[in-house]
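A.B. asks:
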Amino acid sequence: MWLYALIVIIFAHSTYIDSQTIKYGSMATLLLIITFIETLIVTLYAPVLHILFPRLLSGSVRSPKNQPDALRHRREDEEGEAGLIPPLAQTRNHYWNIAIYSMDVVICGLVMYFSAPFLNPPFGLGSPFYRYGMSTVFAAAAAFRYQGGLLAALGYDLFALLGLFVHAPGAGNYTPNAVDIAGSLVDTPIVAILVAYLSNLLENYARSKRQERENARTQAALVHIGEALLQSSGDRQQLLQRSLKSIQRGRFDRLTIALIDLARGDGQAARVPLHLAPMLICQENTFTADQLPDSSTRLIQKVLQTKQKLLTFEPIEDESRGIARLYLPLRKDEHVQLVLGAESLRMTPFNMQHEKFLTIAGTQLLVALDNIRLAEQTVQLAADAERGRIAREIHDGIAQLTYMLSLQAETCEAQAQRIIEASEEDAELLAPLAERLGKMVMISKQALWETRNYMFSLKPLMSGTTTLTQMLSNQLREFEAISDIPTQLHLEGSDDIYDEARLRSRRYAQMGTTFFRIVQEALTNAYKHAGASQLDVVIRYQPEQIEVDIHDNGRGFPLPDIQDMRQTPEEPQILSGHGIKGMRERAIELGGHFTIVPQTDGGTTVRVGIPF
1 MWLYALIVII
11 FAHSTYIDSQ
21 TIKYGSMATL
31 LLIITFIETL
41 IVTLYAPVLH
51 ILFPRLLSGS
61 VRSPKNQPDA
71 LRHRREDEEG
81 EAGLIPPLAQ
91 TRNHYWNIAI
101 YSMDVVICGL
111 VMYFSAPFLN
121 PPFGLGSPFY
131 RYGMSTVFAA
141 AAAFRYQGGL
151 LAALGYDLFA
161 LLGLFVHAPG
171 AGNYTPNAVD
181 IAGSLVDTPI
191 VAILVAYLSN
201 LLENYARSKR
211 QERENARTQA
221 ALVHIGEALL
231 QSSGDRQQLL
241 QRSLKSIQRG
251 RFDRLTIALI
261 DLARGDGQAA
271 RVPLHLAPML
281 ICQENTFTAD
291 QLPDSSTRLI
301 QKVLQTKQKL
311 LTFEPIEDES
321 RGIARLYLPL
331 RKDEHVQLVL
341 GAESLRMTPF
351 NMQHEKFLTI
361 AGTQLLVALD
371 NIRLAEQTVQ
381 LAADAERGRI
391 AREIHDGIAQ
401 LTYMLSLQAE
411 TCEAQAQRII
421 EASEEDAELL
431 APLAERLGKM
441 VMISKQALWE
451 TRNYMFSLKP
461 LMSGTTTLTQ
471 MLSNQLREFE
481 AISDIPTQLH
491 LEGSDDIYDE
501 ARLRSRRYAQ
511 MGTTFFRIVQ
521 EALTNAYKHA
531 GASQLDVVIR
541 YQPEQIEVDI
551 HDNGRGFPLP
561 DIQDMRQTPE
571 EPQILSGHGI
581 KGMRERAIEL
591 GGHFTIVPQT
601 DGGTTVRVGI
611 PF
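Using full-length UniProt numbering, read the sequence shown as starting at 1 and increasing by one per residue.
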């Protein structure tokens, strides 16, 4: 409109400069200067240049040399988020908006008022500055839609009414008529409504196009993620690494995936803070730590503490960009199992599109991880079923035959002893036979005990409602029946001090299995090597751990060997080889302790404690 006014004034020089009706011949020139300055102010303040020259103004944000595609995608996202298609946008802050656009209405209204002497007073309807003054309605309606445009039109009409009752200098006498008044008061609101309507159409069209483009990019990215998940094996680490590249794929400068290990949280979920649980963290970077500081571990811990998403934007001094961060917790069965963290150097924060994309990608990743877990469980169940089948075969086959062999050997030994007692003549001949039959009885019992041990090693021990006390009690009773060595079980405390969650936890089952295996090995050693005639097992139920002592009255270990073992606990093989080494390793594997304590009156005590 300013260029239009300039052209009209140049080609009608005598009318606007040398007119006899104008008291001051330089009025047109003065108005041109004022309107030119106002045009510069509003054009530079409002994002008009961003619309006319978007590539020129965005050239200041340069891509890293090795990542041009990533920056190009990110620019498209940011331009789409900023809403460039609507002619003007609300800029900076509300106070500046009110000041700039109000000043524009006032200046345009005054220009229209003082241009009244040009052709058609008092509104200057025939003046080129009348159309320039109406441009304030265009600007306000484009930036603030209906509300802004109608307010600007109202302000502009007030200056028209001012010219109706108070004539501008040099306007002369004028008789108002209905056509001029109605036209001056109605045309600006109509213009405001039309411009606001067109701006809304453009904005909706731009939003629709951006949404289509974003949907297409999201679908393509999800296809790549799905392909990566399908190609992954049963290894979690490999799955996370493949997924990282597919999810990151030009959208983010740094992507972090933290897989929370809840396997140990079974009975401890209410006691161990989630942010202290073990994690498997994988990361993909396109920037170095100097370009984009890495604080992902700290932010992941914060998300796990709050269990809420973390969305931040940290501006960088002397740059038009900032560090945008989005850390998203993903839940399964009300537990946070995965945290996806995205970071980028951007001009705007992450928006709902990024959060939606990460949520979909993370959900697919959770499904893949759950499939791995189910596959592992299937393999474990199949292995357990096979082990149970083998245990049943041993019980019904080898164990029964060994038991019958033991009974037959005992019967033969008893028969030989009766013949020796009844006949002194045959005693000398039968004594070697009776001795060999006695050894056969002992060997058959050892074979039966070993067979039972193997059978119990193949099937799960603590299942259903079986407690540690019941399990060890059954074990001792069976050992006593096979070995003929008296055994007793003593309890210090009770498992009633533990809540239901702890008793049904996987940790408690692991502890029970470990105690069973250690007691089993200790009983075997006592039966084979110690020459014991009495065995006592003590279970101590303590608030934070369980201890078990296995005491025998046999010959025990030599004292130097015991002292050497205490001084070098990492080398237990100096005693009896793999048996004691295996017991120690089982205890240490669960964070427990294992010691062998010699007794002053003979015998040995094996002590093992495992904490919850």
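Note that the Cβ used here is the ideal one computed from N, Cα and C, for glycine as well. All of these numbers come straight from a predicted model, not from anything done at the bench.
Let me know the secondary structure DSSP gives F594 once reduced to three states.
C.D. replies: Taking the sequence shown and counting its residues from 1, the one referred to as residue 594 is at position 594. F594: strand per DSSP, three-state reduction.
A.B. asks: Is N177 helix, strand or coil by DSSP?
C.D. replies: For the purposes of this step, residue 177 is taken as residue 177 along the sequence shown, with counting starting at 1. Note: N177 maps to coil in three-state DSSP.
A.B. asks: Could you tell me which of D426, S423, Q417 sits nearest to E435, measuring between CA atoms?
C.D. replies: In the sequence shown, counting from the first residue as 1, residue 435 sits at position 435. It is Q417 whose Cα lies nearest to the Cα of E435.
A.B. asks: Grab the span of the beta strand (DSSP E) containing I610 for me, first residue to last.
C.D. replies: By 1-based counting over the sequence shown, the position of residue 610 is 610. I610 -> beta strand (DSSP E) spans 604-611.
A.B. asks: Sorted by chain position, which residues of the same chain lie with C-beta nearer than 7 angstroms to T136's C-beta, five sequence neighbours on each side aside?
C.D. replies: For the purposes of this step, residue 136 is taken as the residue at position 136 of the sequence shown. The answer, listed in chain order, is D104, V105, C108, A152, Y156.
A.B. asks: Under 7 angstroms from any heavy atom of the ligand MG, does the C-beta of V336 make it?
C.D. replies: For the ligand MG, the structure offers nothing, since it holds no ligand at all.
A.B. asks: Let me confirm a value: D552 is counted as buried when at least 16 other C-beta atoms fall within 10 Å, else exposed. Which label applies?
C.D. replies: Here residue 552 refers to the residue found at position 552 when the sequence shown is read from its first residue. So D552 ends up on the buried side.
A.B. asks: In this structure, how does DSSP classify M1 when only helix, strand and coil are distinguished?
C.D. replies: Counting from 1 along the sequence shown, the entry for residue 1 is found at position 1. Coil, per DSSP.
A.B. asks: Taking only three categories from DSSP, how would you classify V8?
C.D. replies: In the sequence shown, counting from the first residue as 1, residue 8 sits at position 8. DSSP places V8 in helix when its eight states are reduced to three.
A.B. asks: Taking contact to mean at least 3 C-beta pairs separated by less than 8 angstroms, is the region 283-294 in contact with the region 341-356?
C.D. replies: With the cut-off at 8 angstroms, the region 283-294 and the region 341-356 touch.
A.B. asks: Which same chain residues, not among the five before or five after V606, have their C-beta less than 6 angstroms away from its C-beta?
C.D. replies: Walking along the sequence shown from the start, residue 606 turns up at place 606. A522, I550, I596, listed in sequence order.
A.B. asks: DSSP beta-bridge partners for M440?
C.D. replies: The residue given as residue 440 occupies position 440 in the sequence shown. DSSP output for M440 lists no bridge partner at all.
A.B. asks: Can you give me the Cβ contacts of S494 inside the same chain, cut-off strictly under 7 angstroms, excluding the 5 residues immediately before and after it?
C.D. replies: As a position in the sequence shown, residue 494 is number 494, starting the count at 1. Answer for S494: Y541, listed in chain order.
A.B. asks: Need the endpoints of the alpha helix (DSSP H) that R471 sits in, please.
C.D. replies: Position 471 of the sequence shown, counting from 1, holds the residue named residue 471. The sequence shown places Met at residue 471, rather than the Arg named in the question. First-last of the alpha helix (DSSP H) with M471: 468-483.
A.B. asks: Whole angstroms are fine: how far does the CA of D384 sit from the CA of D484?
C.D. replies: As a first step, residue 484 must be located in the sequence shown, where it is residue number 484. As a first step, residue 384 must be located in the sequence shown, where it is residue number 384. Using only the alpha carbons, I get a separation of about 32 angstroms.
A.B. asks: Nearest to F612 by alpha carbon, out of L311, L164, Y508?
C.D. replies: Sequence index remark: in the sequence shown, residue 612 carries index 612 (1-based). Among L311, L164, Y508, the Cα nearest to that of F612 belongs to Y508.
A.B. asks: Does the Cβ of I37 have 16 or more other Cβ atoms within 10 Å, making it buried, or fewer, making it exposed?
C.D. replies: Counting from one through the sequence shown, the residue named residue 37 turns up at place 37. The residue is exposed, with fewer than 16 neighbouring Cβ atoms inside 10 Å.
A.B. asks: Is the region 234-252 close to the region 368-375, with three or more CB pairs under 8 angstroms?
C.D. replies: Verdict: yes, contact present.
A.B. asks: Does DSSP put N351 in a helix, in a strand, or in coil?
C.D. replies: On the sequence shown, residue 351 is found 351 positions in, with the first residue counted as 1. It is coil, neither helix nor strand.
A.B. asks: Checking the sheet assignment: what are the DSSP bridge partners for L345?
C.D. replies: Taking the sequence shown and counting its residues from 1, one reaches residue 345 at position 345. Answer is I323, bridged to L345.
A.B. asks: Could you check the C-alpha separation between K332 and R584 for me, to the nearest Å?
C.D. replies: In the sequence shown, counting from the first residue as 1, residue 332 sits at position 332. In the sequence shown, counting from the first residue as 1, residue 584 sits at position 584. One C-alpha to the other measures close to 37 angstroms.
A.B. asks: Skipping 5 residues on each side, what residues in its chain have a beta carbon closer than 6 angstroms to that of A168?
C.D. replies: As a working mapping, residue 168 is identified with position 168 in the sequence shown. The answer, listed in chain order, is Y113, F114, A116.
A.B. asks: Under the three-state reduction of DSSP, which class applies to V166: helix, strand or coil?
C.D. replies: Looking up residue 166 in the sequence shown gives position 166. Coil.
A.B. asks: Got a sec, what are the start and stop residues for the alpha helix (DSSP H) T39 sits in?
C.D. replies: Here residue 39 corresponds to residue number 39 of the sequence shown, with the count starting at 1. T39 -> alpha helix (DSSP H) spans 27-45.
A.B. asks: Less than 8 angstroms separating the beta-carbons of P192 and G149?
C.D. replies: Counted from its first residue, the sequence shown places residue 192 at position 192. Counted from its first residue, the sequence shown places residue 149 at position 149. First, the amino acid is wrong: residue 192 is Ala here, not Pro. Yes, these two residues count as a Cβ contact at 8 angstroms.
A.B. asks: Where does F594 land, buried or exposed, given buried means 16+ other C-beta within 10 angstroms?
C.D. replies: On the sequence shown, position 594 is the one that residue 594 refers to. Burial call: buried.
A.B. asks: Do L330 and L280 have their CB atoms nearer than 8 angstroms?
C.D. replies: By 1-based counting over the sequence shown, the position of residue 330 is 330. By 1-based counting over the sequence shown, the position of residue 280 is 280. The answer is no: Cβ separation not under 8 angstroms.
A.B. asks: Looking at the structure shown, is Y146 part of a helix, part of a strand, or coil, going by DSSP?
C.D. replies: Reading the sequence shown from its first residue, position 146 is the one you call residue 146. Correct three-state label for Y146: helix.
A.B. asks: Where DSSP assigns a beta bridge to Q488, which residues make up the other side?
C.D. replies: What you label residue 488 is simply residue 488 of the sequence shown in a count that begins at 1. In the DSSP output, where bridge partners are listed per residue, Q488 has D536.
A.B. asks: Tell me which residues share the same chain as residue 619 and place their Cβ nearer than 6 angstroms to its Cβ, disregarding the 5 neighbours each side in the sequence.
C.D. replies: Residue 619 lies beyond the residue range present for the chain, which begins at 1 and ends at 612; the question has no answer from this structure.
A.B. asks: Exposed or buried, what is N525 when buried is set at 16 or more other beta-carbons lying within 10 Å of its beta-carbon?
C.D. replies: Along the sequence shown, one-based indexing puts residue 525 at 525. Flag for N525 reads buried.
A.B. asks: By DSSP, does N525 sit in helix, in strand, or in coil?
C.D. replies: Numbered from 1 along the sequence shown, position 525 holds the residue referred to as residue 525. Three-state DSSP puts N525 in a helix.
A.B. asks: If K528 sits next to Q446, beta carbons under 8 angstroms apart, how far is it from one beta carbon to the other, in whole angstroms?
C.D. replies: Along the sequence shown, read from residue 1 onward, the residue named residue 528 stands at position 528. Along the sequence shown, read from residue 1 onward, the residue named residue 446 stands at position 446. Yes, K528 and Q446 are in contact; Cβ-Cβ is about 7 angstroms, under 8 angstroms.
A.B. asks: Within the chosen definition, does the region 219-231 reach the region 247-257 through at least 3 CB pairs nearer than 8 angstroms?
C.D. replies: The region 219-231 vs the region 247-257: in contact.
A.B. asks: Helix, strand or coil for I316, going by three-state DSSP, please let me know.
C.D. replies: Sequence index remark: in the sequence shown, residue 316 carries index 316 (1-based). Note: I316 maps to coil in three-state DSSP.
A.B. asks: Any chance you could list the alpha helix (DSSP H) runs of at least 4 consecutive residues sitting entirely within the region 355-425, in chain order?
C.D. replies: Segments of the alpha helix (DSSP H) lying fully in the region 355-425: 398-422.
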